[in-house]
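Chains as they are written, first to last, in our numbering: chain H, 1199 to 1383; chain D, 675 to 1319; chain Y, 2 to 340. Note that the Cβ used here is the ideal one computed from N, Cα and C, for glycine as well. Bear in mind that the values here come from a model prediction, so they are computed numbers and not experimental data. See below for the structure under consideration.
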């Protein structure tokens, strides 16, 4: 039989312990969503360290899978990219099936364009579509200019066909600002 | 020229006589790997078809076991949807295209038909060899695709638009389509060989009216193949064009039609299942006659039924499309046709039963399998009658009820007769008897396992379980029946293992069989077991439907054929009167080389259209090699002799 | 009131789900399925009798004159009597077969006419469009604001003819509710119509019956037959725009919905979300199940589905949504407020 006072002491200690829980929490592993940088834009041009701006990844694993490129094609239609870019011919937005790439033709460039948005009307899709879908769309966009191997490029769609399929698109070697075709990596 | 010797002299052929040795030298096939690739003798090619097809039966069966394991539990995680879709597509495609037709029609046909005709070899032996290599090429394409994650995943009939360019990216559906091309060209080649052998190489005296039922059936099936295979080649060809070239045959947005594919495919698909079943029925006719120890009841009705089934098989294809919303009147027409086709099949059934009834049944091992066929195929046929009715079909179409039905008719109608035929002709092919006790164990294990698995599936279909689902929810109440169905796999596997053990054992140490251990009537039992390279010591003649039962002891044989070159006799198609002599081309490497170049062109065309202009010259070179004129034989042939003595 | 109705219909759904008959073609709940069930049993018993007779004949034939010998038994040379009798027997059997098949043909055609024969000047019209892998359900109306758009769950009033118009957005699907009527394929480029009428209230499950890709196995739907009044109440509710959320969590949830991937694919009428790619979520909380009848419509299932649908239905068109835990709870709270 525990003494009455001892019981009270235990109760008080327990309350203190429970009440102090969250203050003393050590959150060691962040939930993955908290690692995302939501809605942050960079205003200052300075960065700690060597002030190097990381280049976007140069390869896109979805370019190696016909399924990935095909998903990109579906999303291109689904998310209404065709509203401005048509099926590569452009309209309100610039054409995507020619040699001119205003912001670069590498997969990382296209991904950045989609996620960040661009002046003169290109919306930013950050937080609106998952990153892997932006990579899939980037892969499809490159196929529109014939930059992907024939085997992974999509063939004709089941819609009304307004242009030949991407797999029969001749390669449009991108030209930079100089107008000279760039060497492809 | 030697005086004619009785037909039964073939029976005494020990290979020792001078004539036998000369013939063996003339008809020998070369040895070694080169020789294996040059071989054009029908018994060797037939065995190759059968062994290769059996390998694919086992592979297809492993896939089936994987399916049953996945479905044993709701939301099972053995296979995800992508792998499951490939597995069930491969199971169906392997069983239909790589096992059923190559075994039942090509394997048995190529082996047995020349023997039943009394011929020394099949007609167009090089085309026959080419067909085998092309079949192997197609099989390698399909399974190579499967093992490199390019296996088709759109079902064995690959409906558009799912298999079209928009919903099947990559080359999986292209692999399927080209496999179709391979296997159907192979089947066409064999059909031409078999039809020509039956029509022009029969033994003198074997009028059409005296042909064994097996030869009637092979003739009908060859013609069915010639009409049906082009339909599926068109379907798969148009699919390839849509996918690779960008045509719009099946694109509704540009004026195409998705139902067109279904019509083209099923115009082939239904005759295909009769191409699989009728050889089984013919095996049953042969065995029922032999083991009832009397000639078959109703030869003419059976022959008419076989021909009628071959015709009517082309008039029922829409019963696979009843759910597509076609007009009611049209669908009723196909109900009537589908019910009508029961009549010839029923006729055959009744004749078989009557033969057993009015004979003396000797229940040897092959006959046990015939009784298994009666039970299993009957259930399958009756569930087919239900499916012919549009309202019932609209409920059970695309459910496990249909899966149960077609496994009953295909396994009952092809696999059971196949095993019956293997045990029956095993002594002829190998010279030894298969072990009867092991054979009975095989039968009962397989029969019981089969019924446990597939009878249960009828109930699953009635309870609403659709086909081709990789899993199901726990609240569907399908688990118990799925567990029962999956448990039958154990018995069937055990049965197959017993069979393999029996074959391997019997080939080495089985009881030596004579030339005619079952006492059957066909010409193939009048010569040695296994067949010599020249088949018959003397080319026989016949004067009755059941030669070894009815022909008199002094039935003549053919003389006047040279034994220093491969001379064969060509006879009239109706009454088998001798017409002229011809020369068998002998072993040749060109069928193999042609198959390699054609395969390369076909496979390459999946990946680039340049494969066609680049591959074509190679194909042309090999075909030129094949078709290069042989010229006259060195020694002039004597003229002016009579054919028969 | 709404909460009680919801609870009642949830309980009904549970009870129905436990009943194994609720998607069995031989437990008809509509005259169409009833006609087919009748034909099925009639045909079955005829064929069963045929089966018994044939097996008996085969067994008797085998047992009758059987000989057991190790070597081939001598041939029966000539048996004219037997041949004649056999001829008559086979002929009679063929005759009986022809008659039986003719009877089955006639009954099949009659049943087909009965099943297809339902027609009406004033049916409930439902447009079903198949998608990979869900059912778009529309009740079309010449007035646009009287058109109901929902997904996977179909309500019909009892005792009223219903006509279903079919279409498909992508590949071939097949609409099949076994308790109600036979199936009809949804073909892209074709539109067909079929009729049914359910005479007693209940919930009937259906599933896609034509292989349509990765998640064909998880493409279910349900038909809920209810009284005419209940149906009108349901319909009027479906026509309304989404209710404004009242709790702060649900308000936050709406904000999350409209600033993340959700609005790229889903419509919630009354908000800025207007995409037609995925199912309409305006009244998602009024449905018994989500993800095409794969999951119950509960908070936990919703959360699991929203955060990673690929884990539940790998290959489905919906992407994972790695939301922060609070945001996820808020979205779920918002969706559960959309009655």
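For chain Y, check one thing: does any of its Cβ atoms lie closer than 8 Å to the Cβ of residue 1331 of chain H? yes
Those residues which DSSP pairs with residue 125 of chain Y across a bridge: Y:163
Beta carbon proximity, residue 1325 of chain H to chain Y, threshold 8 Å: yes
Between the C-alpha atoms of residue 847 of chain D and residue 838 of chain D, what's the straight-line distance to the nearest angstrom? 8 Å
Assuming contact is defined by CB atoms lying nearer than 8 Å, are residue 1063 of chain D and residue 104 of chain Y in contact in what I supplied? no
Taking any Cβ of chain Y, which residues in the region 1073-1090 of chain D have a Cβ under 8 Å from it, in chain order? 1073
Candidates Y:312, Y:83, Y:37 and Y:30: which alpha carbon is nearest residue 1069 of chain D's? Y:37
Cβ neighbour criterion (16 or more within 10 Å) applied to residue 945 of chain D: buried
Look at the alpha carbon of residue 731 of chain D and the alpha carbon of residue 312 of chain Y, and state the distance between them as a whole number of angstroms. 35 Å
Does the beta-carbon of residue 628 of chain D have 16 or more other beta-carbons within 10 angstroms, so that it is buried, or is it exposed? Examination of residue 628 of chain D is not possible in this model, given that chain D is present from 675 through 1319 alone.
Indicate whether at least one CB of chain H lies closer than 8 Å to the CB of residue 262 of chain Y. yes
Going along chain H in order, which residues have a C-beta closer than 7 Å to the C-beta of residue 1281 of chain D? 1349
Enumerated in chain order, which unbroken segments of the alpha helix (DSSP H) with a length of 4 residues or greater are wholly contained in the region 155-216 of chain Y? none
In whole angstroms, what separates the C-alpha of residue 1197 of chain D from that of residue 882 of chain D? 15 Å
Could you tell me the distance, in whole angstroms, from the CA atom of residue 1258 of chain H to the CA atom of residue 836 of chain D? 27 Å
Reduced DSSP secondary structure (H/G/I, E/B, other) of residue 254 of chain Y: helix
Would DSSP call residue 1292 of chain H helix, strand or coil? coil
How about residue 971 of chain D and residue 1025 of chain D: are their beta carbons less than 8 Å apart? yes
Determine the DSSP secondary structure at residue 1163 of chain D, reduced to helix, strand or coil. helix
Since I believe residue 849 of chain D is in contact with residue 664 of chain D (beta carbons under 8 Å), could you give me their beta-carbon distance rounded to a whole number of angstroms? What the structure shows of chain D is the stretch from 675 to 1319, and residue 664 of chain D is not part of that stretch, so it cannot be assessed.
Identified DSSP bridge partners for residue 842 of chain D: Note: residue 842 of chain D sits in no beta bridge, so no partner.
Give every residue of the same chain whose Cβ lies closer than 7 Å to the Cβ of residue 743 of chain D, excluding the five residues on either side of it in the sequence, and list them in chain order. 752 and 1160
Going by Cα to Cα distance, which pick from Y:174, Y:84 and Y:332 is closest to residue 215 of chain Y? Y:174
Residues of chain H with a CB under 8 Å from the CB of residue 119 of chain Y: which are they? In chain order: nothing, as chain H lies at least about 33 Å away.
Select from the region 813-836 of chain D all residues with a C-beta closer than 9 Å to any C-beta belonging to chain Y, and list them in chain order. 827, 828, 829, 833, 834, 835 and 836
In or out: residue 722 of chain D buried (at least 16 other Cβ within 10 Å) or exposed? buried
Give the residues of chain B in contact with residue 169 of chain Y, contact being defined as C-beta atoms less than 8 Å apart. The question asks about chain B, but that chain is absent: this structure's protein chains are H, D and Y.
Residue 1076 of chain D to residue 74 of chain Y, Cα distance in whole Å? 42 Å
Of all the residues that make up the region 868-885 of chain D, which are near chain Y by a beta-carbon distance shorter than 9 Å? none
With a threshold of 8 Å between beta carbons, is residue 754 of chain D in contact with chain H? no
CA-CA distance, residue 678 of chain D and residue 65 of chain Y? Per-residue confidence for residue 678 of chain D stands at a pLDDT of 41, beneath the threshold of 50, marking its modelled position as unreliable; the derived number appears in the next sentence. If you take the alpha carbons of residue 678 of chain D and residue 65 of chain Y, they lie about 44 Å apart.
Run through the DSSP bridge pairs and tell me what residue 1206 of chain D is partnered with. D:1209
Going by the DSSP bridge assignment, what does residue 222 of chain Y pair with across the sheet? Y:207
Using only alpha-carbon positions, find the residue among H:1359, H:1371 and H:1372 that is nearest to residue 921 of chain D. H:1359
What does residue 278 of chain Y touch in chain H if you count any residue whose Cβ is under 7 Å from its own? 1276
Give the single residue among Y:273, Y:58, Y:90 and Y:162 whose Cα lies nearest to the Cα of residue 122 of chain Y. Y:162
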